[in-house]
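J.: Numbering-wise (numbering that gives the first Met the number 0), the sequence shown opens with residue 0 and increments by one.
My structure is below; once you've seen it, I'll send some questions.
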Amino acid sequence: MYRVLVVDDEPAALQHVCTIVKKRCPEYEVAGTAENGREALEMVEILKPDLLICDVKMPLMDGISLVSKVKEQYPGIFSVIVSGYSDFAYAKGALQSEVCDYILKPVVPSDMKKTLDAIGGKIRKNHYQRRNTIIRAISTGAACDPEEMARYFCHEAYNCAIIRRNGLPRRFSSGGSTEIFSDINETFAIYGRDEMEALYMIPTEMLLGEPFEKYLLKILEGMDTWEGYTTTVYQEKGFPPERLQETVRGLYSLLDAVSVVGQSQMVEAGAYMEPSVLWTDNDAVQAVPGSLERMLKEQRYDRLKKELRRLYAQWLEERKPQLWMEHVSRQILNLIRKYDRNALPLLECESMMEDAFFYAESGEKLIDNLLDIMFKYITAESTVSAKIDSPEFVRSITDYMESHIAENLSLQNIARVFAVSETYLGKLFRKYRNQSYNQYLTVLRMEKATKLMKENPSLFIKDVAAMVGYGDQFYFSRIFRSCMGVCPSDYLESVAGNMEM
């Protein structure tokens with residue numbers, strides 16, 4: 000519901016406007032009334048209304064002055080002037096104060112409804128943007144006002160879940176990911192720190208009494224074409240919006256704790272039991288590279304590689320979480336770099352290692368990618384590596400991607416087509432395109448989508464999505480809005496409008 004503050008010094012006129020709002024405008028509620036501008040300004044600070052409806056001629060502070068001050072202090076509040084004075088000077092003053100409309104008395108209910116319906120779209124957009132700002136703040140750990148959360152997440156109770164495809168988000172590499180928000184027309188909120196993740200904030204009433212787990216399983220069924228693994232963490236019991244922040248933070252922490260490379264799983268927050276032995280135990284972690292150093296000193300690389308493959312397979316079987324695996328892998332990598340004269344710069348190694356965990360669809364693929372990073376330069380580079388480390392080779396990849404845009408262009412598939420490792424392919428895109436592979440692919444697909452819509456505005460959005468490689472129309476719409484700033488339907492409408500001019 001959108002909050003309205005109605006201001007008029009005439010009791011009958013005030014009541015008339017309030018009645019119209021209550022009976023004809025179901026999206027709005029009268030949050031308060033005032034008899035003069037000064038009183039109204041004090042109430043605005045307390046109520047934070049979405050809309051101000053006020054008369055022009057009032058004691059202590061007239062309507063034009065009130066609207067002007069409100070606009071200055073609270074630019075997000077919309078205003079409507081109601082007055083019996085049709086003099087142009089008043090209308091001009093109202094327009095200069097950026098009011099949404101100027102309505103003459105006696106107010107005709109249909110005119111007021113028409114005006115409020117139009118303003119409702121603008122308020123809805125404001126609420127959507129503010130909601131997204133709150134979600135982003137929650138995801139970064141910033142403090143949020145519980146009252147504000149209750150206002151912009153207006154349902155009585157919510158259920159939350161995070162569905163993560165493949166590895167955890169990158170934490171060290173800058174850029175390379177597309178932040179995802181749900182469309183303004185969706186009845187529930189979705190947020191992704193990158194294109195591989197979805198945080199669902201669903202009003203409990205939408206579940207119609209069914210278990211939340213059942214609802215999530217339906218979502219996962221729609222991801223059957225996904226080649227990798229998924230980690231789902233969720234809160235089965237509904238909670239009020241005031242607890243949204245603590246619940247989401249808890250789910251992010253749970254995701255970090257349970258994510259195991261290559262293993263799909265669903266974990267309910269209330270049922271999760273922390274392991275009795277902490278995976279980050281320092282003594283256990285530091286003992287691993289120490290046992291490998293002799294092989295490095297003796298340059299017994301084949302034996303070292305075999306031993307590392309055995310250890311990684313054992314850790315995966317023991318369901319060691321990704322964060323533990325990353326920590327150990329960095330210890331091992333630093334040890335190998337100590338004995339490797341041809342080692343890559345540390346920052347480049349870190350980026351490649353993040354790619355290895357981010358993209359790996361299975362435990363076996365993770366092991367292959369990690370060993371590729373650790374041993375690629377421990378001996379002299381091959382002439383083949385020298386040839387593919389070139390802008391011409393990358394151009395051949397991007398040309399292939401453009402001509403196969405509707406197909407599965409995952410990093411894994413492209414690496415297979417061009418016979419290079421996934422980590423090396425990711426390195427090439429950072430070097431020659433200055434962005435991650437996923438980011439380049441997303442931009443390429445959005446450029447193709449906009450071109451298709453410009454050439455044929457009559458296309459259905461689901462057809463555009465399929466033509467650029469997205470099987471899920473709603474996922475495509477979220478990506479499109481995040482990249483282009485507008486949803487596909489609005490973009491198509493603007494293109495069609497320009498063609499008619």
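Heads up, the beta-carbon is just placed ideally off N, CA and C, and yes, glycines get one too.
Straight-line CA distance for ASP193 to PRO168?
T.: 7 Å
J.: Classify ASP61 as helix, strand or coil using the three-state DSSP reduction.
T.: Here ASP61 sits in coil by DSSP.
J.: If we count Cβ pairs, one from each stretch, closer than 8 Å, do we get three or more for the stretch 19–27 versus the stretch 108–127?
T.: Segments in contact, yes.
J.: So, at 6 Å on beta carbons, what are the nonlocal neighbours of PHE428 in its own chain, with the 5 sequence-adjacent residues on each side left out?
T.: TYR436 and TYR439
J.: What span of residues does the beta strand (DSSP E) with SER82 cover, start to end?
T.: 77–82
J.: Can you give the Cα-Cα distance for ILE80 and VAL5, rounded to whole angstroms?
T.: 10 Å
J.: Any idea what DSSP makes of ARG23, helix, strand or coil?
T.: Residue state, collapsed to three classes: helix.
J.: What runs of the alpha helix (DSSP H), each 4 residues or longer, lie entirely inside the stretch 118–190?
T.: 145–151
J.: Using C-beta distances below 8 Å, list every residue in its chain close to SER138, excluding the 5 sequence neighbours before and after it, in chain order.
T.: TYR190, ARG192, LEU198, VAL247 and TYR251
J.: According to DSSP, is ARG432 helix, strand or coil?
T.: coil
J.: For the stretch 245–320, list the beta strand (DSSP E) runs that are entirely contained and at least 3 residues long, ordered along the chain.
T.: 264–267
J.: Between the Cα of GLU9 and the Cα atoms of ARG480, ILE413, ASN407 and PRO105, which residue gives the shortest distance?
T.: PRO105
J.: By Cβ distance, which residues of its chain are closer than 6 Å to SER361, with the 5 residues on each side in sequence left out?
T.: If you ignore the 5 residues before and after SER361, its C-beta comes within less than 6 Å of the C-beta of GLY261, all in its own chain and listed in chain order.
J.: Does the structure place the stretch 234–248 close enough to the stretch 141–155 that three or more beta carbon pairs sit under 8 Å?
T.: yes
J.: Beta-carbon within less than 6 Å of VAL287's beta-carbon, same chain only, minus the 5 sequence neighbours each way: which residues are those?
T.: Hits under 6 Å: VAL327.
J.: Helix, strand or coil for CYS482 per DSSP?
T.: helix
J.: Starting from the Cα of HIS403, find the closest Cα among PRO390, ALA418, ILE387 and LEU443 and give me that residue.
T.: LEU443
J.: Note down the Cα distance separating THR382 from MET483, rounded to an integer number of angstroms.
T.: Reliability of the predicted coordinates at THR382 is poor, the pLDDT of 43 falling under 50, and no value is obtained from them.
J.: With a 10 Å radius around its C-beta and 16 neighbouring C-beta atoms as the bar for buried, classify ALA464 as buried or exposed.
T.: buried
J.: Nearest-angstrom Cα distance between ARG293 and ASP367?
T.: 23 Å
J.: Going by DSSP, what residues sit across from LEU103 in a beta bridge?
T.: SER82
J.: In whole angstroms, give me the CA-to-CA distance for ASN333 and ASN433.
T.: 25 Å
J.: So TYR358 is in the beta strand (DSSP E); what residue range does that whole segment cover?
T.: Premise fails: TYR358 lies in the alpha helix (DSSP H), 345–358, not in any beta strand (DSSP E).
J.: Identify whether MET445 lies in helix, strand or coil by the three-state DSSP scheme.
T.: When secondary structure is reduced to three states using DSSP, MET445 falls in the helix class.
J.: Leaving out five residues on either side along the sequence, give the residues of the same chain with a beta carbon under 6 Å from the beta carbon of TYR311.
T.: By the criterion of a C-beta distance shorter than 6 Å, TYR311 is surrounded in its chain by ILE366, once the five residues flanking it on both sides are discounted.
J.: Please report the distance separating the alpha-carbon of TYR73 from that of CYS153.
T.: 21 Å
J.: What number of angstroms, rounded off, separates the C-alpha of ASN412 from the C-alpha of ARG164?
T.: 16 Å
J.: First and last residue of the beta strand (DSSP E) that includes ASP54?
T.: 50–54
J.: As a quick exercise: from VAL55, SER457, LEU345 and LYS68, pick the residue whose alpha carbon is nearest that of LEU491.
T.: SER457
J.: Report the residue from MET324, ILE460, GLY166 and GLU325 whose alpha carbon sits nearest the alpha carbon of SER263.
T.: GLY166
J.: Express the C-alpha separation of ASN158 and ALA201 in angstroms, rounding to a whole number.
T.: Here residue 201 is Ile; the residue named in the question, Ala, does not match the sequence. Using only the alpha carbons, I get a separation of about 5 Å.
J.: So what does DSSP say about LEU408, is it helix, strand or coil?
T.: coil
J.: In the DSSP assignment, find the unbroken beta strand (DSSP E) run with TYR199 in it and report its ends.
T.: 196–202
J.: How close, in whole Å, do the beta carbons of ALA117 and TYR233 come, if the pair is a contact with beta carbons under 8 Å?
T.: Not really, about 39 Å apart at Cβ, beyond 8 Å.
J.: With H, G and I counted as helix, E and B as strand and the rest as coil, what does DSSP make of PHE238?
T.: strand
J.: Less than 8 Å between the CB atoms is what I'm expecting for GLU178 and SER476, so what's the real figure, rounded?
T.: Beta-carbon to beta-carbon, GLU178 and SER476 are separated by about 15 Å, too far to satisfy the 8 Å threshold.
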